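**Student:**
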Amino acid sequence: MFPPDGRTEVFFVRIINRKPSRVTSITLTALPFVATIGAYALASHYRRLDNPADKLLPSLQQMGETFWRMAFVPDKRSGDLLLWLDTYDSLCRLGMGMGAATILALSLGILIGFIPHARSTLAPYIATFSLIPPITILPILFIIFGLGETSKIMLIVVGTAPVMIRSVSQEVMNIPRELIIKAETLGASVLQMIFRVVLPQTLPKLVNAMRLGLVPAWIFLISAEAIASTSGLGYRIFLVRRYLAMDVILPYVVWITLLAFIIDRLLLLLSKRAFPWHHLGGESL
Amino acid sequence: MSAGPKISARNVAKTYGDMTVLERLNLDVEEGAFCTIVGASGCGKSTFLRMLLSQETPSRGRIELDGAPLPGEPTSDRGIVFQKYSVFPHLTVEDNLILAREFERSRLFGRSFGSSRKAARAEIDDTLEKIGLGSARLKYPAQLSGGMQQRLAIAQALLKRPKVLLLDEPFGALDPGIRADMHDLLLGLWEELQMTVFMVTHDIREAFKLGTRILVFDKIRHDPQAPDAYGATITYDLPLTRKDAGPPPELAGLAMNADTSTGASA
Numbered sequence: 001m002f003p004p005d006g007r008t009e010v011f012f013v014r015i016i017n018r019k020p021s022r023v024t025s026i027t028l029t030a031l032p033f034v035a036t037i038g039a040y041a042l043a044s045h046y047r048r049l050d051n052p053a054d055k056l057l058p059s060l061q062q063m064g065e066t067f068w069r070m071a072f073v074p075d076k077r078s079g080d081l082l083l084w085l086d087t088y089d090s091l092c093r094l095g096m097g098m099g100a101a102t103i104l105a106l107s108l109g110i111l112i113g114f115i116p117h118a119r120s121t122l123a124p125y126i127a128t129f130s131l132i133p134p135i136t137i138l139p140i141l142f143i144i145f146g147l148g149e150t151s152k153i154m155l156i157v158v159g160t161a162p163v164m165i166r167s168v169s170q171e172v173m174n175i176p177r178e179l180i181i182k183a184e185t186l187g188a189s190v191l192q193m194i195f196r197v198v199l200p201q202t203l204p205k206l207v208n209a210m211r212l213g214l215v216p217a218w219i220f221l222i223s224a225e226a227i228a229s230t231s232g233l234g235y236r237i238f239l240v241r242r243y244l245a246m247d248v249i250l251p252y253v254v255w256i257t258l259l260a261f262i263i264d265r266l267l268l269l270l271s272k273r274a275f276p277w278h279h280l281g282g283e284s285l
Numbered sequence: 286m287s288a289g290p291k292i293s294a295r296n297v298a299k300t301y302g303d304m305t306v307l308e309r310l311n312l313d314v315e316e317g318a319f320c321t322i323v324g325a326s327g328c329g330k331s332t333f334l335r336m337l338l339s340q341e342t343p344s345r346g347r348i349e350l351d352g353a354p355l356p357g358e359p360t361s362d363r364g365i366v367f368q369k370y371s372v373f374p375h376l377t378v379e380d381n382l383i384l385a386r387e388f389e390r391s392r393l394f395g396r397s398f399g400s401s402r403k404a405a406r407a408e409i410d411d412t413l414e415k416i417g418l419g420s421a422r423l424k425y426p427a428q429l430s431g432g433m434q435q436r437l438a439i440a441q442a443l444l445k446r447p448k449v450l451l452l453d454e455p456f457g458a459l460d461p462g463i464r465a466d467m468h469d470l471l472l473g474l475w476e477e478l479q480m481t482v483f484m485v486t487h488d489i490r491e492a493f494k495l496g497t498r499i500l501v502f503d504k505i506r507h508d509p510q511a512p513d514a515y516g517a518t519i520t521y522d523l524p525l526t527r528k529d530a531g532p533p534p535e536l537a538g539l540a541m542n543a544d545t546s547t548g549a550s551a
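Chains as they are written, first to last, in the numbering used here: chain F, 1 to 285; chain A, 286 to 551.
1. How long is the line joining the alpha carbons of A:A511 and A:D362, rounded to whole angstroms?
2. Is the CB-CB distance between A:L334 and A:I348 below 8 angstroms?
3. Check for me: the beta strand (DSSP E) holding A:V323 runs from which residue to which?
4. Where in the stretch 457-532 of chain A do unbroken runs of the alpha helix (DSSP H), each at least 4 residues long, occur, reported from the N-terminal end onward?
5. Am I right that A:L310 and A:E379 are in contact with their C-beta atoms under 8 angstroms? What's the rounded C-beta distance?
6. Say whether chain F places a C-beta atom closer than 8 angstroms to the C-beta of A:I409.
7. By Cβ distance, which residues of its chain are closer than 7 angstroms to F:A105, with the 5 residues on each side in sequence left out?
8. For a cutoff of 8 angstroms on Cβ pairs, would you count A:P584 as touching chain F?
9. Is the Cβ-Cβ distance between F:G234 and F:A226 less than 8 angstroms?
10. Determine the DSSP secondary structure at A:Y301, reduced to helix, strand or coil.
11. Is the Cβ-Cβ distance between A:L429 and A:A442 less than 8 angstroms?
12. Between which two residues does the beta strand (DSSP E) containing A:L452 stretch?
13. Does the distance from the C-beta atom of A:V485 to that of A:K330 stay below 8 angstroms?
14. Taking 8 angstroms as the threshold (beta carbon to beta carbon), is F:S107 in contact with chain A?
15. Just to make sure I have the definition right: I need the residues of chain F whose C-beta is within less than 8 angstroms of the C-beta of A:F394. Which are they?
16. Count the other CB atoms within 10 Å of the CB of F:V318; is the residue buried (16 or more) or exposed (fewer)?
17. Just reading off the beta strand (DSSP E) that A:R436 is part of, what are its end residues?
18. Is it the case that the stretch 267-276 of chain F contacts the stretch 94-114 of chain F, given that we only count it when at least three CB pairs across the two stretches are under 8 angstroms?
19. Over what stretch of residues does the beta strand (DSSP E) that includes A:H365 continue unbroken?
20. What distance in whole Å lies between the Cβ atoms of A:T497 and A:F319, which are believed to be in contact at a cut-off of 8 angstroms?
21. Can you tell me whether A:M304 is buried or exposed, with buried defined as 16 or more other CB within 10 angstroms of its CB?
22. Return the first residue and the last residue of the beta strand (DSSP E) that A:H346 is part of.
23. So which residues on chain A does F:A188 lean against when the C-beta distance must stay under 7 angstroms?
24. How many Å lie between F:G79 and F:M63 at the Cα?
25. Beta-carbon of A:K445 versus every beta-carbon of chain F: anything under 8 angstroms?
26. Between the C-alpha atoms of A:E387 and F:S130, what's the straight-line distance to the nearest angstrom?
27. Answer yes if the stretch 184-194 of chain F comes into contact with the stretch 390-408 of chain A, meaning at least three C-beta pairs across the two stretches below 8 angstroms, and no otherwise.
28. Which residues does DSSP list as the beta-bridge partners of A:L255?
29. Could you say if the stretch 465-476 of chain A and the stretch 289-299 of chain A meet the contact criterion of at least three C-beta pairs nearer than 8 angstroms?
30. Using three-state DSSP, classify A:A353 as helix, strand or coil.
31. Out of A:E316, A:A294, A:V366, A:L437, which has the shortest C-alpha to C-alpha gap to A:R345?
32. At 4 residues or longer, what runs of the alpha helix (DSSP H) sit wholly inside the stretch 103-152 of chain F?
33. Give the DSSP bridge partners of A:L307, in chain order.
34. Alpha helix (DSSP H) containing F:G234: first to last residue?
35. Beta carbon of F:G113: closer than 7 angstroms to some heavy atom of the ligand COA?
36. Rounding to the nearest angstrom, what Cα-Cα distance links F:L60 and F:F67 in this structure?
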């Protein structure tokens with residue numbers, strides 16, 4: 001097995017079977033990020049050599065200063081710390097929209113997935129509804145609910161709930177029939193089966209659906225804020241667009257991405273803490 | 286009521302569209318029998334078991350339990366152990382075992398709290414010891430071996446003291462050594478609880494070892510032009526005594542078939 005001089009034999013292993021070491025893994029993860037920032041810094045540098053007042057690719061330092069000003073220097077006109085105000089307003093809208101979508105997804109998803117009559121009634125209706133491009137409903141929402149918070153939250157609900165409902169109903173239908181039958185033979189009523197078998201098996205999948213639903217939720221949040229709002233991350237980006245203020249827009253985009261990333265990780269953490277049985281086998285992204 | 290058969294099937298047939306799976310099935314099983322059901326793959330053994338469970342209904346004929354028609358859905362008078370997905374993966378071992386009690390005591394949501402839950406957990410100490418899971422009571426099923434999971438599944442199926450226990454290849458995925466332990470556990474429980482047992486198995490030796498009666502399912506009518514036109518029925522119905530060492534000569538060929546079909550489906 002081993003060569004006499006003590007060297008371990010080197011086998012050639014196909015790439016699908018090679019696992020990066022921890023250091024390699026971290027390096028590989030950092031690589032595309034570092035490359036992007038480096039490429040930007042380089043491009044920005046050469047652009048500003050031509051024109052020191054260039055607005056399109058501001059320097060990293062300039063963006064840092066602007067971000068600091070947005071976060072910690074009160075606005076001259078209103079006296080607000082704009083970044084935190086925008087973040088708070090946006091997250092409130094996102095939270096309320098996602099909250100409503102989640103409640104809808106859980107309740108309707110279980111009904112559709114578990115009760116055949118509810119499935120016949122609602123599944124085709126929701127499938128049809130989910131095909132409407134949500135942004136086309138926005139004018140209707142503005143007319144019905146006005147330009148206030150309700151229409152923005154409603155847009156998020158309309159944009160995320162149908163897909164989440166369909167995903168949760170499918171997950172409920174995927175619960176092995178054996179488990180439902182087992183519960184029946186243990187004397188469970190329909191409500192008892194929902195609360196003790198279906199709901200607990202569905203909750204981790206619901207968290208998954210939320211993580212996937214957050215992607216369209218952000219899109220519709222920013223869209224609604226861009227079109228009719230006086231605060232929020234999307235509002236700010238589209239406001240300063242008029243002044244070509246890339247030094248505000250780019251840090252805001254990074255900030256939004258960071259927020260989205262943190263929310264996603266928190267949901268994954270919640271799922272691992274609350275449903276340990278669901279994470280007993282296999283890797284997950 | 287006790288004079289009549291526990292389970293009786295009268296001219297039962299099951300068809301799916303043009304395909305006949307079972308036909309002309311007649312059976313009377315007395316209370317306390319241990320029926321093992323064998324036959325080639327796809328000959329309707331599991332279909333018959335699902336009909337006994339009311340998971341499916343016969344296309345023709347009827348099945349009676351204690352002289353009354355079977356309920357239209359699974360109920361607590363018949364327990365079931367499947368080959369897999371038999372226990373609840375989101376509940377720990379002890380919570381799997383108190384679930385039936387919780388269903389009884391908390392009529393609305395089936396969930397007990399505090400002292401009531403503590404009492405229910407204390408009630409199952411003996412059961413846990415008997416199935417050898419005393420030290421694993423706080424584990425989730427995914428953390429148990431296949432044999433431990435099936436011991437838990439059997440214990441759970443017996444919580445409501447069903448008069449009829451249905452087993453669908455319960456030990457099909459287990460190692461031979463562990464199977465022998467499971468056989469002892471199952472026979473002990475059967476003698477203790479005086480149940481009527483139906484057990485589908487691919488393992489003909491297991492069928493002869495455990496059963497007091499063996500039912501062999503096979504197709505006797507064949508139409509070469511329409512292979513699905515006729516279904517299987519019970520071709521052998523033999524009473525067994527526990528001293529039988531193995532299959533009699535006329536079933537030796539079938540034993541081979543059953544073994545190969547196990548290999549094919551595995």
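C-beta: ideal position from N, C-alpha, C; glycine also.
Keep in mind it's a predicted model, so treat the numbers as computed, not measured.
**Tutor:** With the given structure in hand:
1. 39 angstroms
2. no
3. 319-324
4. 461-478, 489-495
5. Not confirmed; about 40 angstroms, so no contact.
6. no
7. A161, M164, I165, V168, L206, A209
8. The requested residue 584 of chain A is not part of the displayed model; chain A covers only 286 to 551.
9. yes
10. strand
11. no
12. 449-453
13. yes
14. no
15. L191, Q192, F195, R196
16. This structure cannot speak to residue 318 of chain F, because chain F is shown only from 1 to 285.
17. Here A:R436 belongs to no beta strand (DSSP E); instead the alpha helix (DSSP H) covers 431-442.
18. no
19. The sequence as given places Ile at residue 365 of chain A; His does not occur at that position. Where A:I365 is concerned, the enclosing beta strand (DSSP E) stretches over 363-366.
20. 5 angstroms
21. exposed
22. Residue identity check: residue 346 of chain A is Gly in the sequence provided, not His. Per DSSP, A:G346 belongs to the beta strand (DSSP E) from 345-350.
23. F388, G395
24. 21 angstroms
25. yes
26. 39 angstroms
27. yes
28. Limits of chain A in this structure are 286 at one end and 551 at the other, which puts residue 255 of chain A out of reach.
29. no
30. strand
31. A:A294
32. 116-129, 134-145
33. A:K299, A:A517
34. 233-240
35. This structure lacks the ligand COA, and indeed carries no ligand of any kind.
36. 10 angstroms
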